[in-house]
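S.K.: I have a structure here, written as structure tokens, and I will follow up with some questions on it.
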């Protein structure tokens, strides 16, 4: 009988920029070649092990997985390590954690003595150098004596390098007295990956492949080989191959043995965790419902508490409750979302905000007897104060018990072509052009992009190789960073469960595993997330109260406001949470929300899942014609009546499977999990026959059953749970109510919470003015750091918006703080001297026209700023006096110069829109013209590009939002237009689009789209806007060649005006 063989020490691409194959590629190839198992051993890391486990367990592979590691010491010595049991694994994870915590991010510092002290319950193999000598033999013997607590004698790793001297080399190793083990020589799954392996080495070393020298692979033999080939290569040393089977017998540890233990935070003396939770829930119920808990809610709470007790999840709920209590105690707004919003217990504890007595939510979507996995509660906190919560968790549980999950950063198209091009020796100019053109790669290969850039891959072998390798590099792990807030908190030392490492951000520690790895191992994760809208709402509540309004919070905003719903029906939603995008604004007039549940549907329906599942149009048709709504059966009416017979939510898909197809609750939950991974792995398809045949067997038409399944498939492309949509809808309504009734506070809060949302400050200020809010400019005497509200009877709500110093580009908070602490000032010199303002800060304020209260306009202030010196002379400041006496008579600013300074200083202008000045040269058609144009009209529309969007569900269609002095318009660019005008699509700031107008007049306001067929990039005109003559003059021909270095060249006082608008029109792009 032929003895089994397995490669146990392969490097995966989780040895970043060295391993050249994904774990699943290694697993699939090992299975195909007939290996008895396969193992991964990455350098000082366990990061790729869970991916290896998941791949090995895949139904198409079913191969045993052996977790390992390659320990690398500072002297260059390397060991392969495989833990044989859970305790040995814990010692390995702890050793690596200690090595990473004391080293800079990305490094691991281990000593030989620490390794020896930890090496119990391990199998180890010392990796020899390329030329093993007497010194290595001594080290091998010393290590064999020192490592006496190993599960097997220390091995010597044997690698066949195909270098011509393998026989001599392996004979020498065999003569050293320790058993040989054929392991550790694999860097990729197939020989064709050798070029990519060399490319990765070049990227890692920062050189081109031409200069790799001895670092380049000598051949392509570092790939997985069939067992028969390994036995042939090691024919003279058969024990090297046979020992892999012995190691397999010894290493029975599986990552599935990692048992997560919940933290036991028994915060009330004498009570168990379950009793503590029951007491807190009872107290909260009395607070929520002083007159008694509604019967329906009481039954739900009772059922949930029974399940929580059966699953022993009370410590988890208490942990989340403790975090939320801390936030509430500090005045930090927070709200739970996701499937946890299905829970009545989460609601009464104040974790979520969806009332269970008002909404029929599916608790099984969150937790059930059938689900053998921990619950998952996501809580959003104010993004600017989330760090307080994070540090509280570290302080409360200790850094040995709490860490944030990792986020795996992968090579995307732009990064891949940039790095591959550099490593292959392409010029910076060529790699920059290729990287710029790589946006939207789903519709174009690297070769096609190169041709669009005027390059010929067929004629340039180096370029062709760079493009091919860049394609292979896309999707490869690049490095680990910190997850947005997924905390793992354990009962015992976390370092015995996973490797904990230092994060880039001071004061944080992270795991090596990301959220997908954690889910595979069923480890508890509490998502402590940051949400900008919560910061915005907290500011708005404070401003409303300070302005004499009511004291509000998330639970006490007046509900069911008809004026708020009417505003949303007009798509008047700039700045409103979740419904300010182009797609949402188009949906609002069609949906015409009238009640809260309409907002739940609005949030969920504009998603790839419902769109790809063909649910949107059927729902809108039924909503417009409710008399035509029918249901195939009464049992489906109960499932789908809230959405008029169209399944829009994941919960409905689960209920549909249970009710109409006969799925058990457990099987329906498996379908839910498959919906979450459909896009990546196509797992929903395995349920097709069971689902459709189950419906047919229960009397439903096959065509209807197939249609239902197609809709369920759509959820795999990101469909929303109803509970998640309901949580977000709460914030939609709250932000919309504030916008409708307190527009000044709303705008002020948005500006002070930037960056967030779709729109830049210029569009937020414009929207506020359109709602009757008077906006006052930045001023050194009247502005604080933040934007603020000032009494003004002529402004909406009696409050005007004063722009804050935070908007002044080039002014930092420290300089602004000195300014605020020392005002008022007599003149600019007084301000500069007392606030110790550096010249660049003075110039920034001058460009922002912030010295108006001191009698200086922008030109005069800029002229005076040239003499600004913060250090005061003995008495007064004669330098400023002299400068003032010597100042020439300055000509007034032209409109173009004023606009240039405004936009360059603050990113907005309260005077005019750039296109208002350019209108004589751009033609009369504007966004207002579209309102009166007929459907199908041919339009030539200029506009500043505000937002570019390329949704994953759009099949290559790109959407632009453009703006002029009258409003905004939506452009639709089909793939052929994107391909034909790629430079303009990627980079245009001022665009002229020609196309056909599409309009729909069935909603509260017309829905307009310009289907663009031709694009012109006129961005260069913006850079010469400051040269625009006074009205009536001609647009100077040299505008597009305007120099950026005119300031400082002396001569005319106009030289105090810098280049027009530094990159005016930068868009916010969402891919």
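In full-length UniProt numbering, the protein residues as written are 1 to 1071. For glycine and all other residues, C-beta sits at the position ideal for the given N, C-alpha and C.
1. Quick check on DSSP: helix, strand or coil for residue 313?
2. Nearest CA to the CA of residue 945: which residue from 334, 965, 932 and 936?
3. Taking 7 Å as the threshold (C-beta atoms), are residue 502 and residue 105 in contact?
4. Rounded to whole angstroms, what's the CA-CA distance from residue 477 to residue 118? Just pull it up for me.
5. How big is the Cα-Cα spacing for residue 257 and residue 523?
6. With the cut-off set at 7 Å, would you say residue 410 and residue 475 are in Cβ contact?
7. Could you tell me which uninterrupted alpha helix (DSSP H) segments, each at least 4 residues in length, are contained entirely in the segment 153-186, listed from first to last along the chain?
8. Give the secondary structure of residue 880 by DSSP, where H, G and I count as helix, E and B as strand, and everything else as coil.
9. Confirm, please, whether the CB-CB distance from residue 859 to residue 1076 is below 7 Å.
10. What does the alpha-carbon distance come out to for the pair residue 139 and residue 202?
11. Can you list, in chain order, the residues of its chain whose CB lies under 8 Å from that of residue 252, leaving out five sequence neighbours each side?
12. Going by other Cβ atoms of all chains shown within 10 Å of its Cβ, with 16 needed for buried, is residue 968 buried or exposed?
13. In this structure, does DSSP put residue 514 in helix, strand or coil?
14. Counting only beta-carbon separations shorter than 7 Å, does residue 274 have a partner in chain C?
15. Cα separation between residue 88 and residue 68?
16. Residue ranges of each alpha helix (DSSP H) run of no fewer than 4 residues wholly in the segment 648-676, ordered along the chain?
17. In chain order, what residues of the same chain lie with their CB nearer than 7 Å to the CB of residue 491, ignoring the 5 residues before and after it?
18. Using CA coordinates, which residue listed in 624, 662, 619 and 112 is at the minimum distance from residue 649?
19. Which residues does DSSP pair with residue 82 in a beta bridge?
20. Among residues of its own chain, excluding the 5 on either side of residue 788, which ones have a beta-carbon nearer than 6 Å to its beta-carbon?
21. Compute the Euclidean distance between the alpha carbons of residue 604 and residue 423, then round it to the nearest angstrom.
22. Please confirm if the segment 221-236 is in contact with the segment 17-37, defined as three or more CB-CB distances below 8 Å between the two stretches.
23. Mind checking residue 578: buried by the 16 CB within 10 Å criterion, or exposed?
24. Helix, strand or coil for residue 118 per DSSP?
25. I'd like the list of long-range same chain contacts for residue 456, defined as Cβ closer than 6 Å, with 5 residues on each side in sequence excluded.
26. With a cut-off of 8 Å on the beta carbons, I'd call residue 158 and residue 182 a contact; round off their distance for me.
27. Classify residue 894: buried if its beta carbon has 16 or more other beta carbons within 10 angstroms, exposed otherwise.
28. Give the secondary structure of residue 481 by DSSP, where H, G and I count as helix, E and B as strand, and everything else as coil.
29. For the candidate residues 377, 617 and 333, whose alpha-carbon lies nearest to that of residue 386?
30. Helix, strand or coil for residue 847 per DSSP?
31. Out of curiosity, what's the CA-to-CA distance linking residue 928 and residue 989?
32. In this structure, how does DSSP classify residue 188 when only helix, strand and coil are distinguished?
33. Residues bridged to residue 1010 by DSSP?
34. Apart from the five residues on each side of it in sequence, which residues of its chain come closer than 7 Å, Cβ to Cβ, to residue 781?
35. Whole angstroms is fine: what's the gap from residue 621's alpha carbon to residue 850's?
36. Would you give the residue range spanned by the alpha helix (DSSP H) that residue 335 belongs to?
M.R.: In short, the structure shows the following:
1. Position 313 of the chain shown, counted from the first residue, corresponds to residue 313. Look at residue 313 here: in three-state DSSP terms it is coil, with no helix or strand label.
2. Position 945 of the chain shown, counted from the first residue, corresponds to residue 945. Selected option, being the one with the closest Cα: 965.
3. Translated into positions along the chain shown, residue 105 becomes position 105. Translated into positions along the chain shown, residue 502 becomes position 502. The answer is yes: Cβ separation under 7 Å.
4. The residue given as residue 477 occupies position 477 in the chain shown. The residue given as residue 118 occupies position 118 in the chain shown. Between residue 477 and residue 118, the alpha-carbon positions lie close to 29 Å from each other.
5. As a working note, residue 257 is residue 257 in the chain shown. As a working note, residue 523 is residue 523 in the chain shown. Looking at the two C-alpha atoms, the distance is approximately 12 Å.
6. For the purposes of this step, residue 410 is taken as residue 410 along the chain shown, with counting starting at 1. For the purposes of this step, residue 475 is taken as residue 475 along the chain shown, with counting starting at 1. Result yes, Cβ atoms of residue 410 and residue 475 sit closer than 7 Å.
7. Unbroken alpha helix (DSSP H) stretches of 4 residues or longer found wholly inside the segment 153-186: 166-174, given in chain order.
8. By 1-based counting over the chain shown, the position of residue 880 is 880. Residue placement at residue 880 is flagged as unreliable, the pLDDT there being 47, under the threshold of 50; the coordinate-derived value follows with that caveat. Here residue 880 sits in helix by DSSP.
9. The requested residue 1076 does not occur in the structure, where the chain is confined to residues 1 to 1071.
10. For the purposes of this step, residue 139 is taken as residue 139 along the chain shown, with counting starting at 1. For the purposes of this step, residue 202 is taken as residue 202 along the chain shown, with counting starting at 1. Cα to Cα, residue 139 sits roughly 31 Å from residue 202.
11. Along the chain shown, one-based indexing puts residue 252 at 252. Leaving aside the five residues that flank residue 252 on each side, the residues in its chain whose CB is nearer than 8 Å to its CB run, in chain order, 84 and 85.
12. Numbered from its first residue, the chain shown carries residue 968 at position 968. Taking every protein chain shown into account, the CB of residue 968 has 16 or more other CB atoms within 10 angstroms, so this residue is buried.
13. Within the chain shown, the letter at position 514 stands for residue 514. Judged by DSSP in its simplified three-state form, residue 514 adopts strand.
14. Among the chains in the structure shown there is no chain C, since it carries only a single protein chain.
15. In the chain shown, residue 88 corresponds to position 88, counting from 1. In the chain shown, residue 68 corresponds to position 68, counting from 1. The alpha-carbon atoms of residue 88 and residue 68 are separated by roughly 11 Å.
16. Here the runs fully enclosed are 650-661.
17. Numbered from 1 along the chain shown, position 491 holds the residue referred to as residue 491. For residue 491, the CB contacts under 7 Å within the same chain, skipping 5 residues up- and downstream, are 261, 262, 263 and 264 in chain order.
18. Along the chain shown, one-based indexing puts residue 649 at 649. With distances taken between CA atoms, residue 649 lies nearest to 619 out of 624, 662, 619 and 112.
19. As a first step, residue 82 must be located in the chain shown, where it is residue number 82. DSSP output for residue 82 lists 123 as bridge partner(s).
20. Locating residue 788 in the chain shown gives position 788, where the first residue counts as 1. Excluding residues up to 5 positions away in sequence, 802 lie with their Cβ nearer than 6 Å to the Cβ of residue 788 in the same chain.
21. Sequence index remark: in the chain shown, residue 604 carries index 604 (1-based). Sequence index remark: in the chain shown, residue 423 carries index 423 (1-based). Answer to the nearest angstrom: the Cα atoms are 44 Å apart.
22. Segment contact: the segment 221-236 against the segment 17-37, three or more CB-CB distances shorter than 8 Å; contact assigned.
23. Your numbering for residue 578 matches position 578 in the chain shown. So residue 578 ends up on the buried side.
24. Stepping through the chain shown from its first residue, residue 118 is reached at position 118. In the structure shown, the three-state DSSP call for residue 118 is helix.
25. Translated into the one-based positions of the chain shown, residue 456 becomes position 456. Excluding five sequence positions before and after residue 456, none of the CB atoms of its chain fall closer than 6 Å to its own CB.
26. Counting from one through the chain shown, the residue named residue 158 turns up at place 158. Counting from one through the chain shown, the residue named residue 182 turns up at place 182. Yes, residue 158 and residue 182 are in contact; Cβ-Cβ is about 5 Å, under 8 Å.
27. Here residue 894 refers to the residue found at position 894 when the chain shown is read from its first residue. In the assembly as shown, residue 894 is a buried residue. Its beta-carbon has 16 or more other beta-carbons within 10 Å.
28. Sequence index remark: in the chain shown, residue 481 carries index 481 (1-based). Strand.
29. Against the chain shown, residue 386 aligns to sequence position 386. Ranking the options by Cα distance to residue 386, first place goes to 333.
30. Here residue 847 refers to the residue found at position 847 of the chain shown. The answer is helix: DSSP assigns residue 847 an H, G or I state.
31. Against the chain shown, residue 928 aligns to sequence position 928. Against the chain shown, residue 989 aligns to sequence position 989. Straight across, the Cα-Cα distance linking residue 928 with residue 989 is about 20 Å.
32. By one-based count along the chain shown, residue 188 stands at place 188. When DSSP states are grouped into helix, strand and coil, residue 188 belongs to the strand group.
33. In the chain shown, the residue the question calls residue 1010 occupies position 1010. Looking at the DSSP assignment, residue 1010 forms a beta bridge with 971 and 997.
34. The residue you call residue 781 lines up with position 781 of the chain shown. Annotation for residue 781: 823, 824 and 853 place their beta carbon closer than 7 Å to its own, counting only its chain and skipping 5 residues before and after.
35. For the purposes of this step, residue 621 is taken as the residue at position 621 of the chain shown. For the purposes of this step, residue 850 is taken as the residue at position 850 of the chain shown. So the alpha carbons of these two residues sit roughly 54 Å apart.
36. One-based indexing of the chain shown puts residue 335 at position 335. For residue 335, no alpha helix (DSSP H) encloses it; the enclosing beta strand (DSSP E) starts and ends at 334-337.
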